[in-house]
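Following the numbering used here, the numbering of the sequence shown begins with 64 at its first residue and continues without gaps.
No residue lacks a Cβ here, since even glycine has one placed at the ideal position from N, Cα and C.
Owing to the predicted nature of the structure, the values given are computational and were not obtained by experimental measurement.
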Amino acid sequence: YYGAPQRHDVIHQYNRWLGAQLPHHLEEGQVLILPKTLPPELPDAEVTAAQRKVDARAPDTADWSSARPGLDLYRGWRVNTQERASAEITFRDDSRIEMRENTLIIIYGGSQTKARRETSEATLDRGALRSRLGAYTGKSDRALTVTTPSAVAEFEGGANLVTVDDGGTSRVANHGEGKTAVRSAGKTGGKVRVKPKMGSKVAKGKAPSTPKPLP
């Protein structure tokens with residue numbers, strides 16, 4: 064009806080009572096709302112909290128503006144927290160990341176995977192962020208991918224901390240009970256699973272270190 068099977072996101076948007084998990088399981092007799100025309104593009108994320116000086120910039124402009132709560136973020140938008148500032152970003156699937164001071168991220172929104180779930184994506188250029196994806200249910204209903212200059216971290220549920228130092232080295236810590244994995248941003252080494260209460264370090268051009276217990 065909308066020209067592509069991938070536009071089931073429109074049905075998801077207009078029928079929130081089906082829940083957040085994809086795919087939905089429909090039953091005979093359920094009534095779905097289908098708009099006659101495609102709605103305006105939905106934002107990929109939203110600023111849901113901001114303390115002190117937090118800036119945002121659209122991909123088609125060089126000017127930074129204040130990132131106040133309620134600001135819609137689309138693909139390619141940048142959010143930057145200044146000294147002693149912090150911010151919370153909530154994605155369309157209700158996944159959340161909490162930015163610490165002096166942190167810069169780029170929002171890439173959701174992408175459809177072979178498992179037919181919507182994975183939120185962001186790039187962490189510098190600083191530190193914490194992901195909060197809710198308790199892991201085993202159904203991959205909350206997923207987040209964070210790319211840094213040296214690593215690609217994948218989270219399913221739980222709470223995780225990602226930091227990038229001045230040299231581009233990344234540290235990934237699994238503080239919750241979800242599934243966490245990390246690999247090099249290049250082609251060095253394979254994917255390493257980081258179990259709960261464990262952490263791994265990834266330097267530029269290097270494979271992830273063997274996970275170690277968190278202090």
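- Annotated three-state conformation of Asp-72 is helix, per DSSP.
- When Val-265, Trp-140, Ala-113 are compared, the shortest CA-CA separation from Asp-126 is found for Trp-140.
- In the structure shown, the three-state DSSP call for Tyr-64 is coil.
- Across the set Asp-107, Glu-90, Glu-109, Arg-79, the C-alpha of Arg-79 shows the shortest separation from the C-alpha of Leu-97.
- Tyr-171 is classed as buried because its beta carbon has at least 16 other beta carbons within 10 Å across all chains shown.
- Restricting attention to Asn-223, Gly-230, Arg-70, the CA atom closest to the CA of Gly-239 is found in Asn-223.
- Its chain contains Tyr-137 as the residues whose beta carbon lies nearer than 8 Å to that of Glu-104, once the 5 sequence neighbours on both sides are disregarded; these appear in chain order.
- Around the C-beta of Leu-196, 16 or more other C-beta atoms lie within 10 Å, and the residue is accordingly described as buried.
- By the criterion of a C-beta distance shorter than 8 Å, Pro-212 is surrounded in its chain by Asp-188, Val-227, Gly-231, Ser-233, Ala-248, Lys-267, once the five residues flanking it on both sides are discounted.
- If you draw a straight line from the Cα of Pro-259 to the Cα of Ala-119, it is about 33 Å long.
- The three-state secondary structure of Leu-81, taken from DSSP, is helix.
- Listed in chain order, the non-local C-beta contacts of Ala-113 below 7 Å within the same chain comprise Ala-130, Arg-131, Pro-132, Ala-150, local neighbours out to five positions each way being set aside.
- A Cβ-Cβ separation of about 5 Å places Ile-152 in contact with Ala-108 under the 8 Å criterion.
- Taking all protein chains in view, the Cβ of Ser-263 is crowded by 16 or more other Cβ atoms within 10 Å, so the residue is classified as buried.
- Here Gly-241 is buried. Its C-beta has 16 or more other C-beta atoms within 10 Å.
- Counting only runs of at least 3 residues, the region 202–236 fully encloses the following beta strand (DSSP E) elements, listed from N- to C-terminal order: 206–210, 214–219, 222–227.
- Ranked by Cα distance from Val-235, the options Thr-100, Arg-115, Pro-276 are led by Pro-276.
- Taking C-beta atoms as the reference points, Pro-274 and Arg-246 fail to come closer than 9 Å.
- Here Thr-243 is near Gly-221, since their CB atoms are less than 9 Å apart.
- A residue is called buried when at least 16 other Cβ atoms come within 10 angstroms of its Cβ; Arg-159 meets this threshold and is buried.
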